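Asks: Quick note on numbering: the sequence shown equals residues 11 to 93 in my numbering.
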Amino acid sequence: MSEITDQEKLRVLLPHWLAHNDSHIAEFSKWEVVARAELGEEVADLIKLAICGMTETGEALVKALEKIGGPPAGHHHHHHNHG
11 MSEITDQEKL RVLLPHWLAH NDSHIAEFSK WEVVARAELG EEVADLIKLA
61 ICGMTETGEA LVKALEKIGG PPAGHHHHHH NHG
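#1: What's the C-alpha gap between W27 and H34?
#2: Would DSSP call E69 helix, strand or coil?
#3: What span of residues does the alpha helix (DSSP H) with P25 cover, start to end?
#4: Express the C-alpha separation of H30 and K77 in angstroms, rounding to a whole number.
#5: If you draw a straight line from the alpha carbon of T65 to that of S12, how long is it in whole angstroms?
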(Lines of atoms letter the chains of each structure in order from A and count residues from 1; the text may use other names and numbers.)
(Lines give C-alpha, C1' and ligand atoms only; values in the text may rest on other atoms or scores of the structure.)
Protein backbone atom coordinates (compact mmCIF):
# COMPACT_ATOMS: atom_id res chain seq x y z
CA MET A 1 0.00 0.00 0.00
CA SER A 2 1.50 3.33 -1.03
CA GLU A 3 1.63 6.32 1.24
CA ILE A 4 -0.59 9.30 0.45
CA THR A 5 1.32 12.24 -1.03
CA ASP A 6 1.15 15.79 0.28
CA GLN A 7 -0.60 16.81 -2.94
CA GLU A 8 -3.26 14.14 -2.37
CA LYS A 9 -3.68 15.34 1.22
CA LEU A 10 -4.14 18.93 0.04
CA ARG A 11 -6.70 17.84 -2.56
CA VAL A 12 -8.78 16.55 0.36
CA LEU A 13 -7.98 19.33 2.84
CA LEU A 14 -8.53 22.33 0.57
CA PRO A 15 -12.24 21.63 -0.11
CA HIS A 16 -12.73 21.23 3.65
CA TRP A 17 -10.96 24.54 4.32
CA LEU A 18 -13.05 26.25 1.63
CA ALA A 19 -16.31 25.00 3.13
CA HIS A 20 -15.15 26.00 6.60
CA ASN A 21 -14.20 29.47 5.35
CA ASP A 22 -17.58 29.84 3.61
CA SER A 23 -19.43 28.93 6.80
CA HIS A 24 -17.50 31.60 8.69
CA ILE A 25 -18.27 34.19 5.99
CA ALA A 26 -21.98 33.37 6.27
CA GLU A 27 -21.90 33.69 10.06
CA PHE A 28 -19.92 36.94 9.94
CA SER A 29 -22.41 38.34 7.42
CA LYS A 30 -25.29 37.70 9.82
CA TRP A 31 -23.42 39.45 12.61
CA GLU A 32 -22.50 42.37 10.37
CA VAL A 33 -26.23 43.07 9.97
CA VAL A 34 -26.76 42.83 13.74
CA ALA A 35 -23.79 45.08 14.43
CA ARG A 36 -24.96 47.66 11.90
CA ALA A 37 -28.42 47.76 13.50
CA GLU A 38 -27.38 47.66 17.14
CA LEU A 39 -23.72 48.59 17.58
CA GLY A 40 -22.99 51.15 14.89
CA GLU A 41 -21.24 51.55 11.59
CA GLU A 42 -17.68 51.26 12.90
CA VAL A 43 -18.15 47.77 14.34
CA ALA A 44 -20.13 46.63 11.29
CA ASP A 45 -17.48 48.01 8.93
CA LEU A 46 -14.75 46.11 10.78
CA ILE A 47 -16.73 42.88 10.49
CA LYS A 48 -17.23 43.66 6.77
CA LEU A 49 -13.46 44.11 6.45
CA ALA A 50 -12.97 40.66 7.96
CA ILE A 51 -15.51 39.24 5.49
CA CYS A 52 -13.59 40.78 2.59
CA GLY A 53 -10.34 39.27 3.87
CA MET A 54 -11.93 35.85 4.21
CA THR A 55 -13.37 36.15 0.70
CA GLU A 56 -9.85 36.81 -0.62
CA THR A 57 -8.63 33.83 1.39
CA GLY A 58 -11.27 31.63 -0.24
CA GLU A 59 -10.27 32.83 -3.71
CA ALA A 60 -6.62 31.97 -3.00
CA LEU A 61 -7.59 28.51 -1.73
CA VAL A 62 -9.69 27.88 -4.87
CA LYS A 63 -6.70 28.80 -7.06
CA ALA A 64 -4.45 26.51 -5.04
CA LEU A 65 -6.91 23.64 -5.43
CA GLU A 66 -7.14 24.25 -9.19
CA LYS A 67 -3.31 24.23 -9.47
CA ILE A 68 -3.09 20.77 -7.90
CA GLY A 69 -5.84 19.16 -9.94
CA GLY A 70 -9.02 19.88 -8.01
CA PRO A 71 -10.65 17.67 -5.40
CA PRO A 72 -10.19 13.91 -5.73
CA ALA A 73 -12.80 12.10 -7.81
CA GLY A 74 -15.71 10.98 -5.69
CA HIS A 75 -14.70 13.24 -2.79
CA HIS A 76 -17.73 14.30 -0.80
CA HIS A 77 -17.25 16.92 1.86
CA HIS A 78 -19.29 16.43 5.01
CA HIS A 79 -20.59 19.82 6.05
CA HIS A 80 -20.71 20.73 9.69
CA ASN A 81 -21.58 23.80 11.68
CA HIS A 82 -19.16 25.45 14.08
CA GLY A 83 -21.58 27.96 15.53
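Ideal placement from N, C-alpha and C gives every residue a C-beta, glycine not left out.
Predicted, not measured: the structure shown is a model, and the values here were computed from it.
Replies: Reading off the structure:
#1: 11 Å
#2: helix
#3: 16-48
#4: 20 Å
#5: 36 Å
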